[in-house]
Amino acid sequence: MSGGSFATGENFAQLTVGKNLFDKSKATDGKYVLYTNGKLDNNPSFCVSDFIAVKPNTAYTKNDNQQFAFYATANQDSYLSGIASATTFTTPSGCYFVRISIRLTNKDIFQFELGTESTNFEPFGYFLKEQQLEPALL
Numbered sequence: 376m377s378g379g380s381f382a383t384g385e386n387f388a389q390l391t392v393g394k395n396l397f398d399k400s401k402a403t404d405g406k407y408v409l410y411t412n413g414k415l416d417n418n419p420s421f422c423v424s425d426f427i428a429v430k431p432n433t434a435y436t437k438n439d440n441q442q443f444a445f446y447a448t449a450n451q452d453s454y455l456s457g458i459a460s461a462t463t464f465t466t467p468s469g470c471y472f473v474r475i476s477i478r479l480t481n482k483d484i485f486q487f488e489l490g491t492e493s494t495n496f497e498p499f500g501y502f503l504k505e506q507q508l509e510p511a512l513l
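The opening position of the sequence shown corresponds to residue 376 in our numbering, with each subsequent residue numbered one higher.
Here it is in structure tokens:
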């Protein structure tokens, strides 16, 4: 997933999101997503992720088994389906976004990543690929 780009003179460098796709700075405390309809509800023990971009028919893993919902666009009205409890799952056809309920006690260590294997925690962040940089800049 690309995070954007920036220019340095005539050169462009692409920013890439690291393996953890959950940006806790965009989470909403006191809410959780209902897997049955994709709407948000109040719960002081939870937070809900923002809409996280995903690919359709693709496996993802998260390190908490709370409910989550699938969407066609980054809009609650584009709800497709949801799952009550899982750590590893495959996104449905036509799914380009997901919202995830997270216990507030896990917010700082929550990880959502591509693939079927849960790996060691890495905070959300954007990175430059080393091969994109000129050797003089390293």
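Virtual Cβ for every residue (Gly too), placed ideally from N, Cα, C.
Query, Result
"Whole-angstrom distance between F502 and S476, CA atom to CA atom", "26 Å"
"Inter-residue Cα distance where the pair is S377 and Y410", "Legend: pLDDT at S377 = 47, less than 50; position of this residue unreliable, no value from coordinates given."
"Buried versus exposed, by CB contacts within 10 Å (16 or more), E497", "exposed"
"Pair within 7 Å by beta-carbon distance, F472 and Y454", "no"
"Within 7 Å, strictly: CB atoms of C422 and T403", "yes"
"Paired residues, beta bridge with Y410 - DSSP", "DSSP output for Y410 lists no bridge partner at all."
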